[in-house]
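For what it's worth, UniProt numbering labels the leading residue of the sequence shown as 1, then goes sequentially. Each residue gets a CB set at the ideal place from its N, CA and C atoms; glycine is no exception. No experiment lies behind these values; they were computed from the predicted model shown. First the structure, in the form of structure tokens, and then the observations on it.
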Amino acid sequence: MKITDGIRLSMANLFYNKLRTALTVGGIGIGIAAIVFLVALGYGLQSLTIKKITSIDAITTITVTLGKTTILKLDKQAVEKFSQMEEVDKICPTINLPAQFKTPTNDKLDITINAVGDSFFRLTGIDKPLAGDLLSQGGPVSPSQGGPVSPSQGGDDQTVISSALVKALNSLAAQMIGQTMTIEVFVQNESDTTKVETKSKTYKIIGVVEDDTAPFAYVPLNSIDGFNLTNYNSVKIKAKSQNQVGSLQQKITDMGYTSTSVVETIKQINQAFQIIKIVLALLGVIGLLVASIGMFNTMTIALLERTHDIGVIKALGFTNRDVWGLFLWESISIGFLGGLLGVIIGLLISQSLNWIIIALAKSVGEQITNIFEAPWLFLLLILGFSIFVGLLTGFYPARRAAKINPMQALKYE
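And the structure:
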């Protein structure tokens, strides 16, 4: 029997009992749709998380710290050595200092002062403030202007605060812009760590960044020149290209420093989401397993109903292989139709939810990308998996049908 004849006969047999076939295909479709929906959620959340932490500059940036070493120093001399490496494009040192801020209610709030270089925000992927502007060395960088304000505008005394600090003050981001804040900064003596000096500094708030983890403020590195600090807490180094990140990181590690990059973070995120997607897929497979039991039942009933017909076609010259192929094509067809239906349903539901979520986000002034993403390769694989399930489920009924004795089958009513 030709393959085309087998497909044609199997489809004719399937649509002989349309209701039963529709229910079986629908069961497979629901199982596949559940897998598509859940795994698409995993892909979407993975993509959303990676987009949240990366940018064109951030993905080529390495963060250097001292780690556990007490021998090395992270100072201007170290920065000079880093700058001489051929892979280095930009360098941005950072100093973190504990401080206190006096609130309007005269309460003292513990915060962290992050003194940063001019390219800090670009290298960390912070390209848009929640309100106001971002800092540049000597002045703010406005997203609308696309460049730094000149040093003559007094940028050394300007600050960008976190949204966590805004919430701690029971205020709104927009209301904080233009206000001044006097901060008491605690500076540890680098030659005698037992001594701590208190320095008072007043800054004008020019921007708010979205970060609810802790109350802190970004200030220009130049603004703490009078604090006599020579060591940095960390240094951000931008490689000239993404391909050079690995070699640059290795050179820095060989010097004894601890280095991390977004590339490593992305690898860890991908590994975590790989496990999450497998778990989500397994939840959908449970539904597909139930549907495959129904499909097995359908094929077994079809075998019992058509025992006499099998005897007739065998008497007309059909071989055991032909009968086996006929039943197998029926089960494969059910798997294919169920898989196709499931992929369509899964995509419709996930895309509909994407549109609804994006519309709701826009209505409240938030920007959000797709929560559900389904790569075409995954959809093709899940369709192939559905066909495989059909093949597996129909194998035993097809084998039983092929072994039926035609003489006994002709007597069967």
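Please classify residue i: is it buried, with 16 or more other beta-carbons within 10 angstroms of its beta-carbon, or exposed?
{"i": "K362", "result": "exposed"}
{"i": "K236", "result": "buried"}
{"i": "D107", "result": "exposed"}
{"i": "I205", "result": "buried"}
{"i": "G117", "result": "buried"}
{"i": "N189", "result": "exposed"}
{"i": "Q153", "result": "Unreliable placement is indicated for Q153, whose pLDDT of 41 sits below 50; the coordinate value is still reported in the next sentence. Q153 should be labelled exposed."}
{"i": "W324", "result": "buried"}
{"i": "S83", "result": "exposed"}
{"i": "G338", "result": "buried"}
{"i": "L248", "result": "buried"}
Return the CA-CA distance between residue i and residue j, expressed in angstroms with no decimal places.
{"i": "S119", "j": "E86", "result": "19 angstroms"}
{"i": "W329", "j": "G42", "result": "33 angstroms"}
{"i": "N170", "j": "P104", "result": "10 angstroms"}
{"i": "L340", "j": "E264", "result": "37 angstroms"}
{"i": "L19", "j": "I30", "result": "16 angstroms"}
{"i": "I91", "j": "V166", "result": "30 angstroms"}
{"i": "D380", "j": "N270", "result": "Residue identity differs from the one stated: residue 380 is Leu in this sequence, not Asp. Using only the alpha carbons, I get a separation of about 21 angstroms."}
{"i": "G284", "j": "K277", "result": "11 angstroms"}
{"i": "I275", "j": "I344", "result": "25 angstroms"}
{"i": "residue 419", "j": "S331", "result": "Coverage of the chain is limited to positions 1 through 413, which leaves residue 419 absent and any answer about it impossible."}
{"i": "T319", "j": "F385", "result": "29 angstroms"}
{"i": "L353", "j": "G287", "result": "21 angstroms"}
{"i": "S259", "j": "L392", "result": "51 angstroms"}
{"i": "V245", "j": "R122", "result": "17 angstroms"}
{"i": "L66", "j": "F227", "result": "21 angstroms"}
{"i": "T124", "j": "S261", "result": "10 angstroms"}
{"i": "K267", "j": "N243", "result": "15 angstroms"}
Pull up the DSSP beta-bridge partners for residue i, would you.
{"i": "T21", "result": "Answer is none; T21 lacks a bridge partner."}
{"i": "T182", "result": "T202"}
{"i": "F216", "result": "T112"}
{"i": "T159", "result": "I205"}
{"i": "A239", "result": "V88"}
{"i": "V187", "result": "E197"}
{"i": "Q100", "result": "D110, E184"}
{"i": "P93", "result": "V235"}
{"i": "I62", "result": "I237, S261"}
{"i": "L289", "result": "According to DSSP, which records beta bridges pairwise, L289 is partnered with nothing at all."}
{"i": "D75", "result": "N231"}
{"i": "A131", "result": "V208"}
Pick out whichever of the options has its Cα sitting closest to the Cα of residue i.
{"i": "I126", "options": "A291, G26, T61", "result": "T61"}
{"i": "A164", "options": "L123, V209, Q158, T180", "result": "V209"}
{"i": "S350", "options": "A131, F372, I266, F395", "result": "F372"}
{"i": "K314", "options": "I404, Q175, V160, V185", "result": "I404"}
{"i": "I35", "options": "F378, I50, T319, I111", "result": "F378"}
{"i": "G311", "options": "A401, L123, V389", "result": "A401"}
{"i": "N297", "options": "V25, I356, M11", "result": "V25"}
{"i": "F186", "options": "Q179, T194, T180", "result": "T194"}
{"i": "V88", "options": "L135, S200, A174, S241", "result": "S241"}
{"i": "K76", "options": "L229, D322, N13", "result": "L229"}
{"i": "L347", "options": "A374, I358, T369", "result": "A374"}
{"i": "L135", "options": "A78, M299, M181, G207", "result": "G207"}
{"i": "L130", "options": "L23, F273, V160", "result": "V160"}
{"i": "A40", "options": "K238, Q175, F273, V364", "result": "F273"}
{"i": "L48", "options": "L97, T369, F395", "result": "T369"}
{"i": "I28", "options": "N114, K102, I387", "result": "I387"}
{"i": "L9", "options": "Q179, I177, G44, D322", "result": "D322"}
{"i": "G132", "options": "G178, N96, K199", "result": "G178"}
{"i": "V21", "options": "L383, G294, K81", "result": "Reading the sequence as shown, one finds Thr at residue 21 and not Val. That would be G294, whose Cα lies nearest to the Cα of T21."}
{"i": "M299", "options": "N222, F395, A33, N114", "result": "F395"}
What is the C-beta distance between residue i and residue j, in whole angstroms, given that I count them as a contact (C-beta under 8 angstroms)?
{"i": "Y218", "j": "V64", "result": "With 8 angstroms as the limit, Y218 and V64 do not qualify as a contact, their Cβ atoms being about 19 angstroms apart."}
{"i": "Y232", "j": "T94", "result": "6 angstroms"}
{"i": "V397", "j": "F327", "result": "In the sequence on display, residue 397 carries Pro and not Val. That pair is a contact at about 6 angstroms."}
{"i": "A99", "j": "E184", "result": "6 angstroms"}
{"i": "I111", "j": "P220", "result": "In fact, because the Cβ distance is near 17 angstroms, the residues do not count as touching under 8 angstroms."}
{"i": "S162", "j": "D225", "result": "About 24 angstroms; that fails the 8 angstroms criterion."}
{"i": "S292", "j": "L14", "result": "Going by Cβ atoms, the distance from S292 to L14 rounds to 16 angstroms, so no, they are not a contact pair."}
{"i": "T182", "j": "S200", "result": "6 angstroms"}
For residue i, is the beta carbon positioned less than 8 angstroms from some heavy atom of the ligand ATP?
{"i": "T105", "result": "This structure does not include the ligand ATP; it has no bound ligands of any sort."}
So that I know if they touch, is there some Cβ in chain B lying closer than 9 angstroms to that of residue i?
{"i": "F388", "result": "Protein chain content of the structure displayed is limited to a single chain, and chain B is not contained in it."}
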